[in-house]
Every structure is written in C-alpha cells, then in structure tokens.
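In my numbering, the protein residues as written are 121 to 390.
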C-alpha cells in the first residue's frame, strides 16, 4: 500500500511540476518586429486588423507566445530596411523571393495568381506562350512564379516593370499595357473597393494561373532555427490557410468568390 501511495505522490508531483513549466513557457512572450507592405486585403495599412494575412499570422504566432508588430513600408524600401537588426522578418513573400542572408519559413498560405486585362479584349490562353507579343505588367521586386518572369526575359512578351500594382492597373485602364499579373483578391480589392473607377474598364480573368506559396522571410542567423521551430509549433495549433480564408470571407464578403459574369466580348483574338 505504501509503495502505491508513494508512486501516486511521485506522479502527482511530476504532473504539477510539468504544468508549472508549461505555464512558465506559455507566459514568456517575445515580440517580433516584421516589415510588411500595403497589399490589401492580405496586409492593409490603416485597417483595424491590418489585413487578413497580417491578422492571421499574428493570431497563429500568439499561440506560442510571440507578439507580432508590423511596420508598413513601400516594397523596395521594406526589403532594404528588413536587413536591420531590429527586424525579424519580411512578410508576406512569394516563392520567388530569395534574399541574400535570409531564408523563407515554412509555407504559411497560398495566393491565386491571375491575369487582368482591359474589357475591350478577352484573351483565350492555356499557356504563357499565348501571350506572345503582348506587354505584361509586373511589380519590381515581386517574387512571381519563375516562368512568368522567364518568358519575359526570353522575349516571348515584354515585361512592363513598375513600382506598385496600382500603377499597372492604371496603365491597363488607359490601354498602355495589354495584361497585368496579380493576386486574385488583391486585384479585386483594388478595382472594387479602393479604386472603383477602374472596375468599369478592367476584367479579371477567372482562370487561376497558379497558386503561389507565401512565407515570412527570416534572417538566416543564430536564431533562425529557433524561430522556424516556433512557427512550426504554431502552425500545428492553428493552420494558417484556414485562418486567412476565414478572415477574407468575414472581412471582405464581396471578395469571397471571383466574379466571372459580364466579361466583355473580344474585339479579336491577339
């Protein structure tokens, strides 16, 4: 009987100590300063929740005691500033972003890549070769799927490189370019909410070209492995993609499904 009581007390003490350690770890919080860009509805400067992807990542990391503080900067400046010691990472970045001295995290969520064109034309395409001879808008420094940039460098089509998605959409509105590459929800936000005057002339092709992965770009330093481990633990507790999808649907109900009706008839095929 004594051995049973002793064993029980030992086990009880172990459980209490383990719980105490767990609570101590959970109570220890740290702050990650992260640079982001105004890329609505994912990361939205001035919004109460800072955008669906910003909020989702903050909620995910909170499960492992990490507080996220965002600093919004223009993309090219943000890339440079993220090298400073006080910043943990740059978020969100596509697959194609590979910065010196940095490594991407695990996959956080995915982004549907689409093409936008003027309503006076409708392009029938199956591959990038079908855009031969056209001018295609991209944003400087964005990590698009590699083949999109590669086809431009090879001269299949010309790349119109500008500083923001808005610039390409406005050039498209005035027919100064033929097509622009964009994320589906970002294109819809810009044309339906932020700059509704563009919606009259622009059409988002309903066909998704690819779903590109998005990550946080972290410094490849002595703390990289520790931070990656924390992100991994957090993702097991709260999957990121589901959080982003839910927040998009809740915060931007108009953007939950792409509009495919009322597409303009093509004047002629290119």
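Glycine residues also receive a C-beta, built at the ideal position from the N, C-alpha and C atoms.
- When the Cα atoms are used, residue 250 and residue 280 turn out to be separated by approximately 17 angstroms.
- For residue 196, the uninterrupted alpha helix (DSSP H) segment begins and ends at 195–201.
- The alpha-carbon of residue 159 is positioned some 25 angstroms away from that of residue 352.
- Under DSSP, the beta-bridge partners assigned to residue 338 are 209 and 223.
- Exposed is the label assigned to residue 166, since fewer than 16 other Cβ atoms lie within 10 Å of its Cβ.
- Exclusion of the five residues before and after residue 344 leaves 223 and 338 as the residues of its chain whose Cβ lies within less than 7 angstroms of its Cβ.
- Residue 163 and residue 172 have their C-alpha atoms some 6 angstroms from each other.
- Contact between residue 248 and residue 276 holds: CB atoms are separated by about 7 angstroms, below the 8 angstroms threshold.
- In this structure, the alpha-carbon of residue 217 lies about 29 angstroms from that of residue 370.
- In the displayed model, residue 167 falls within coil according to three-state DSSP, outside both helix and strand.
- Look at residue 303 here: in three-state DSSP terms it is strand.
- Membership of residue 328 in any beta strand (DSSP E) is not indicated, and neither H nor E is assigned to it by DSSP.
- Cα atoms of residue 305 and residue 161: separation of roughly 7 angstroms, rounded to the nearest angstrom.
- In this structure, residue 232 sits away from residue 341, with a CB-CB distance that is not shorter than 8 angstroms.
- Remark: fewer than three beta-carbon pairs, one from each stretch, lie closer than 8 angstroms, so the stretch 329–336 and the stretch 182–202 are not flagged as touching.
- The DSSP-derived three-state label of residue 276 is coil.
- Measuring C-alpha to C-alpha distances from residue 254 to each of 292, 265 and 177 identifies 292 as the nearest.
- If you ignore the 5 residues before and after residue 332, its C-beta comes within less than 7 angstroms of the C-beta of 214, 215, 230, 231, 233 and 265, all in its own chain and listed in chain order.
- For residue 289, the uninterrupted alpha helix (DSSP H) segment begins and ends at 285–293.
- Secondary structure of residue 271 (DSSP, three-state): helix.
- Per DSSP, the beta bridge partners of residue 191 are 155.
- Taking C-beta separations shorter than 7 angstroms and ignoring five residues to either side along the sequence, the partners of residue 153 in its chain run 189, 191, 206, 207 and 208, following chain order.
- Residue 315: not part of any alpha helix (DSSP H); DSSP gives it neither H nor E.
- Under the 10 Å beta carbon count, residue 268 is surrounded by 16 or more other beta carbons and is classified as buried.
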